[in-house]
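Each step along the sequence shown adds one to the number in UniProt numbering, with nothing skipped, and position 124 is 124. Idealized CB from N, CA, C, for every residue including glycine.
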Amino acid sequence: MSSIGPSALIVEGGAMRGVFSCGVLDHFLAEGFSPFDSFWGVSAGASNLAAYLAKMPGRNLKVYADYSCRKEFVTPGQFVRGRDLLDLDWMWAITLKELDIDRTTLAADQRPFFMGVTRQDNGQAEYLQPKDYCLPELMKASSALPILYRNGVTLNDTTYVDGGVADAIPVAEAIRRGARRIMVLRSRPASYRKSASKAPRLLKHMLRHTPGLVEVMLNRAERYNATLELIRQPPKGVEILEICPPEQFKLKRLTRDPAPVYAAHQMGLGLGQSVIEQWQAMESKR
Numbered sequence: 001m002s003s004i005g006p007s008a009l010i011v012e013g014g015a016m017r018g019v020f021s022c023g024v025l026d027h028f029l030a031e032g033f034s035p036f037d038s039f040w041g042v043s044a045g046a047s048n049l050a051a052y053l054a055k056m057p058g059r060n061l062k063v064y065a066d067y068s069c070r071k072e073f074v075t076p077g078q079f080v081r082g083r084d085l086l087d088l089d090w091m092w093a094i095t096l097k098e099l100d101i102d103r104t105t106l107a108a109d110q111r112p113f114f115m116g117v118t119r120q121d122n123g124q125a126e127y128l129q130p131k132d133y134c135l136p137e138l139m140k141a142s143s144a145l146p147i148l149y150r151n152g153v154t155l156n157d158t159t160y161v162d163g164g165v166a167d168a169i170p171v172a173e174a175i176r177r178g179a180r181r182i183m184v185l186r187s188r189p190a191s192y193r194k195s196a197s198k199a200p201r202l203l204k205h206m207l208r209h210t211p212g213l214v215e216v217m218l219n220r221a222e223r224y225n226a227t228l229e230l231i232r233q234p235p236k237g238v239e240i241l242e243i244c245p246p247e248q249f250k251l252k253r254l255t256r257d258p259a260p261v262y263a264a265h266q267m268g269l270g271l272g273q274s275v276i277e278q279w280q281a282m283e284s285k286r
């Protein structure tokens, strides 16, 4: 188990909703704000952190507002014919070719960076570091949502799917490894609670080829909501700053309209300075 320092930044996923945390992180980059000992990202949050640590402001906004809105990415016609709804293969190929990511800068930062993934065979969460794996493939694995992207991503003979399946906001793991001051960038308003699956029999049927994921998918809401309780009531000696988009934040997971995507990024940018000040105030009380 990798040891980490006392301060941690955790970034939730949420597909297109992740553009809010992208805006916050872009403001952090503009201010040179990076006081954390470790970084934890899941799904879109992992990709946002990769761009942040690579010091590439604006990169992921282009991914959200341009590439993710293109017809090549969300393919309902292919989905009904038994293929993927989300063409992650196309997305990763074109964004790495046209935008790339500065792996040299990212690798030069020696602070631990964990990307949350879920094992396809047993539904267990793992927290992998890009220093041990190919960065683009690890980012892709963390975003490979079951059903919407059917096959997962194989790394070193183990197949993984979206980290949000097993552990959407890895606060408990960060605490277990020693984090005591934690900032959590959310992609849902503070009032949000995840609901249980409304069609468990259909979900089981759609996951029949990956039985190891059935129970973990059925129990996602229970684990997610328990994590929210942990964030609001952390154990003694742990302080958590939770940053949520405002209650009027209504961006959909797979929106295809760039306008609300840009607006959500601006929300994050606009809150960025307040977030810095809240963190600094928390630190000053120590």
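Between the alpha carbons of residue i and residue j, how many angstroms are there, rounded?
i, j, result
"P6", "D109", "17 Å"
"H205", "S284", "52 Å"
"F36", "S187", "20 Å"
"R201", "L254", "24 Å"
"L88", "R119", "18 Å"
"F73", "R286", "46 Å"
"R251", "H265", "Note that residue 251 is Leu in the sequence shown here, rather than Arg. Distance between the alpha carbons of L251 and H265 is about 11 Å."
"L228", "L271", "21 Å"
"A259", "C69", "10 Å"
"E242", "L207", "33 Å"
"G18", "A107", "23 Å"
"Q278", "Y192", "22 Å"
"S274", "E247", "17 Å"
"A168", "Y224", "7 Å"
"E58", "D66", "What sits at residue 58 in the sequence shown is Gly, not Glu. Computed Cα separation, rounded: 12 Å."
I'd like the list of long-range same chain contacts for residue i, defined as Cβ closer than 8 Å, with 5 residues on each side in sequence excluded.
i, result
"R83", "T75, R150"
Can you tell which of the options has its C-alpha closest to the C-alpha of residue i?
i, options, result
"G116", "V275, R17, V42, P258", "V42"
"W90", "A172, K140, L269, K55", "K140"
"L29", "R177, L269, V216, M16", "L269"
"M267", "F20, Y64, L9", "F20"
"E137", "Y160, E126, N122", "Y160"
"L99", "S143, K71, Y64, F33", "Y64"
"P245", "W279, P189, A199", "P189"
"L213", "N225, A199, A166", "A166"
"F114", "A125, T105, D121", "A125"
"D162", "G32, A281, F33, S47", "S47"
"N122", "R181, A93, Q233, T210", "T210"
Looking only at its chain, what residues have a beta carbon closer than 7 Å to the beta carbon of residue i, apart from the 5 residues adjacent to it on each side?
i, result
"G164", "G13, V42, S43"
"A196", "A221"
Taking residue i and residue j to be in contact with their CB atoms under 8 Å, please state how far apart those CB atoms are, rounded to whole angstroms.
i, j, result
"L49", "V11", "5 Å"
"L85", "L155", "Contact doesn't hold; Cβ gap of about 22 Å is too wide."
Within the same chain, show all residues whose beta-carbon is closer than 6 Å to that of residue i, passing over the 5 residues directly before and after it, in chain order.
i, result
"R103", "L135"
Requested in this report: Only counting runs of 3 or more residues, tell me where the beta strand (DSSP E) segments fall wholly within the segment 78-154, in order along the chain.
Outcome: 113-119, 125-128
Query raised in the report: Which runs of the beta strand (DSSP E) spanning at least 3 residues fall entirely within the segment 204-271, listed in chain order?
Result: 239-243
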